[in-house]
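The sequence shown begins at 451 in my numbering and counts up by one.
The C-beta atom is built at its ideal place from N, Cα and C for all residues, glycine as well.
Source: prediction; values computed, not measured.
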Amino acid sequence: MSRPNPIGRLTYPEYLAHEAKSDIRHEFLNGEVYEMAGGTPDQGAVAAAVNRDLGSALRGRPCRVFSSDVRVRIRGTGLATYPDASVVRGELQTDPEDQDAIANPLLVVEVLSPSTEAYDRGAKAAHYRQIPSLRELMLVSLTEPRMEVLRRGEGASGNSG
Numbered sequence: 451m452s453r454p455n456p457i458g459r460l461t462y463p464e465y466l467a468h469e470a471k472s473d474i475r476h477e478f479l480n481g482e483v484y485e486m487a488g489g490t491p492d493q494g495a496v497a498a499a500v501n502r503d504l505g506s507a508l509r510g511r512p513c514r515v516f517s518s519d520v521r522v523r524i525r526g527t528g529l530a531t532y533p534d535a536s537v538v539r540g541e542l543q544t545d546p547e548d549q550d551a552i553a554n555p556l557l558v559v560e561v562l563s564p565s566t567e568a569y570d571r572g573a574k575a576a577h578y579r580q581i582p583s584l585r586e587l588m589l590v591s592l593t594e595p596r597m598e599v600l601r602r603g604e605g606a607s608g609n610s611g
């Protein structure tokens, strides 16, 4: 499935004001605002497990794990979105226009649903690749026990588990 039609056009400050009042999350791309697909119980459970496992694996290291409640802003492409998980190493940097948006994730995780997989693998992954700090993009299948880790400077490496 491709990205749905935009629901409106806003400036970034208008988008932030809209998000602050909204019960659902929206992506922002260069003025266009898109309603994000709602998660299923299975998707929520997988995302929660990923967050838990990342937190355990990174315990004692100078890293912080963030859930899908935290926006990531990619200034170079104009995208603001909510990945299923993100990790920052060292000092957290926020976006100059949006103190609630992470600007320097090291890792971003997307749990792939049938309705978002093509977008997450394609256009959204291309946006993520423009984040200078990003080293890994993890794509987690919802339909089979499979995780793919795309590393900066490498192709995909599939890991079953």
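Classification of residue i by the beta-carbon crowding that lies within 10 angstroms, buried from 16 upward
i      : result
Ser565 : exposed
Gln493 : buried
Ile474 : exposed
Ala553 : buried
Pro582 : exposed
Beta-carbon proximity check, residue i vs residue j, cutoff 9 Å
i      : j      : result
Ala497 : Gly489 : yes
Val590 : Val559 : yes
Ala576 : Thr544 : no
Lys574 : Thr531 : yes
Residues near residue i in its chain [Cβ-Cβ closer than 8 Å; skip 5 each side]
i      : result
Arg511 : Arg539
His476 : Ile457, Tyr465, His468, Glu469, Val483, Tyr484, Glu485 and Met486
Other residues of its chain near residue i: CB distance less than 7 Å, five sequence neighbours each side excluded
i      : result
Gly605 : The predicted model places Gly605 with a pLDDT of 49, which falls under 50 and marks its position as unreliable, so this point remains unresolved.
Glu482 : Pro456 and Arg459
Glu547 : Tyr462
Beta-bridge partners of residue i, as assigned by DSSP
i      : result
Met486 : In the DSSP output, where bridge partners are listed per residue, Met486 has none listed.
Ala551 : Arg521
Ser536 : Phe516 and Val558
Arg601 : Glu586
Any beta strand (DSSP E) of 3 or more consecutive residues that is wholly inside the stretch 572-598 = Counting whole runs of 3 or more residues, the stretch 572-598 contains the beta strand (DSSP E) stretches 586-591.
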